[in-house]
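Reading through the structure tokens given below for one structure.
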Amino acid sequence: AQKITQTQPGMFVQEKEAVTLDCTYDTSDPSYGLFWYKQPSSGEMIFLIYQGSYDQQNATEGRYSLNFQKARKSANLVISASQLGDSAMYFCAMRGVNSGYSTLTFGKGTMLLVSP
Amino acid sequence: EAQVTQNPRYLITVTGKKLTVTCSQNMNHEYMSWYRQDPGLGLRQIYYSMNVEVTDKGDVPEGYKVSRKEKRNFPLILESPSPNQTSLYFCASTTSGRSTYNEQFFGPGTRLTVL
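Chains A and B, in that order, are what the protein sequence lines are.
Note that our numbering gives residue 116 to position 116 of the first sequence, counting from 1, and the numbers run on in steps of one.
Note that our numbering gives residue 1009 to position 9 of the second sequence, counting from 1, and the numbers run on in steps of one.
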């Protein structure tokens, strides 16, 4: 079984500052992928970034980077230079090679609020 | 444009009145899934389908049915809705292949309220 833990129900950050959203995971799969999604108030799920368990380097996508520490089973999302439009719910999710490729296991989410 | 569509987007109904939420994708994806999202619980998988006529239960299947008669469509059926099925529902699709990357495409969501 897989499990994703997001311990921060809410985070506050000022515009232009960097913020780290925490995600830890638990799995017995030898190969897995980690995802971050953004859900703005409009409700849609927006894919942000992916990290494979065998990737040597941390993933980056524009202002988003994933701080992947495999030994600690953590996959924290770092948003640099926060913008007001970053205010949203953020979900960490994972998929494992043994758990079915159709299934994403999600954390409970972190609500990020960016203030001017 | 590659997309997953869901209808309706919003629905208010009463206990016991059967309803169907449709889901369609135009990417020729083999895998399709239904999730429900509840405050403080994240998204949880209801059912998934690996291909036409192949479906299986996810984590929270009670009270739901699905069918996959065509590759592009994966409707979610609530035979007798109850208030605890009030939730935000997402349909998603992804390609097959043994890769952990395959991006999952989500529909826009259906907000269901059962009175």
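Ideal Cβ positions, reconstructed from N, Cα and C, are used throughout, including at glycine.
Contact check, residue i vs residue j, beta carbons under 8 Å
| i | j | result |
| --- | --- | --- |
| Q2 (chain A) | L21 (chain A) | no |
| G33 (chain A) | S65 (chain A) | no |
| N98 (chain A) | D29 (chain A) | yes |
| L1112 (chain B) | F106 (chain A) | no |
| T24 (chain A) | M94 (chain A) | no |
| Y1010 (chain B) | Y1031 (chain B) | no |
| F68 (chain A) | Y50 (chain A) | no |
Whole-Å CB distance - residue i paired with residue j, under 8 Å assumed
| i | j | result |
| --- | --- | --- |
| T1005 (chain B) | G1109 (chain B) | Incorrect: roughly 11 Å between the Cβ atoms, too far for contact. |
| Q6 (chain A) | T110 (chain A) | 5 Å |
| P1075 (chain B) | C1023 (chain B) | 6 Å |
| I1077 (chain B) | Y1064 (chain B) | 7 Å |
| N1026 (chain B) | R1072 (chain B) | 7 Å |
| E15 (chain A) | S87 (chain A) | No, E15 (chain A) and S87 (chain A) are not in contact; Cβ-Cβ is about 10 Å, not under 8 Å. |
| S1087 (chain B) | F1105 (chain B) | Their Cβ separation, rounded to whole angstroms, is 20 Å, which puts S1087 (chain B) and F1105 (chain B) out of contact at 8 Å. |
Where residue i falls: helix, strand or coil (DSSP)
| i | result |
| --- | --- |
| Q1025 (chain B) | strand |
| D86 (chain A) | helix |
| N76 (chain A) | strand |
| Q1045 (chain B) | strand |
| Q8 (chain A) | coil |
| N1084 (chain B) | helix |
| Y54 (chain A) | coil |
| V1052 (chain B) | coil |
| R95 (chain A) | strand |
| E61 (chain A) | strand |
| V1014 (chain B) | coil |
| T1110 (chain B) | strand |
| M45 (chain A) | coil |
| Y1031 (chain B) | strand |
| A81 (chain A) | coil |
| Q1104 (chain B) | coil |
| K108 (chain A) | coil |
*For the region 74–86 of chain A and the region 1006–1021 of chain B, state whether three or more C-beta atom pairs, one from each stretch, are separated by less than 8 Å.*
no
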